[in-house]
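The block underneath contains the structure these notes are about, expressed in structure tokens.
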Ligand SMILES: [Zn+2]
Ligand SMILES: [Zn+2]
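In the numbering used here, the protein residues as written are 706 to 834.
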């Protein structure tokens, strides 16, 4: 009793003679491909709804890496990330130094070069000015 009616494969649409009543595919290749695509589609469905990183609204992304619900929100996000990543030239902080350090530097410098530096010049060299 293996004579079932001819039927079409659920995956490729080819006609075949099923061996079992519950058979839906002409071959195991079609069966595997069908299941693989079903899984892929299911995965996509889970990712359907996302929450916008800017306004917190739920949306359905069109692209896999979409992060915002709309162009407006995307622009805001872009600006935010740009600000985060843009390296603002840091204001050079003046080093805090003591008079002793300046004098020490002055003496050292004189010993090394024989040149007498002024106090301000020492401060400059030490990065305090
Ligand atoms: Zn098939
Ligand atoms: Zn949004």
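Virtual Cβ for every residue (Gly too), placed ideally from N, Cα, C. Small disclaimer: the values here were computed from a predicted structure and weren't measured.
Measuring C-alpha to C-alpha distances from residue 726 to each of 714, 804, 786 identifies 714 as the nearest. Rounded to the nearest angstrom, the gap between the Cα atoms of residue 790 and residue 779 is 16 Å.
With a cut-off of 7 Å, the C-beta of residue 786 is classified as distant from ligand 2, since no heavy atom of the ligand falls inside that distance.
Distance from residue 758 to residue 772 at the Cβ level is roughly 5 Å; contact confirmed, criterion being Cβ atoms closer than 8 Å.
By the CB criterion at 8 Å, residue 820 and residue 814 fall inside the cutoff.
DSSP, reduced to helix, strand and coil, places residue 781 within a helical segment of the structure shown. If you check the CB distance, residue 716 and residue 738 come in under 8 Å. For ligand 2, a non-hydrogen atom lies closer than 7 Å to the CB of residue 759. Closest in C-alpha terms to residue 812, from the list 802, 719, 824, comes 824. Going by DSSP, residue 825 is part of the alpha helix (DSSP H) stretching over 824-830. Taken from the Cβ of residue 773, at least one heavy atom of ligand 2 lies inside 7 Å. Taking C-beta separations shorter than 6 Å and ignoring five residues to either side along the sequence, the partners of residue 731 in its chain run 714, 719, 721, following chain order. Spatial neighbours of residue 754 in its own chain (CB-CB distance under 8 Å, excluding positions within 5 residues in sequence) are listed in chain order as 763, 764, 765.
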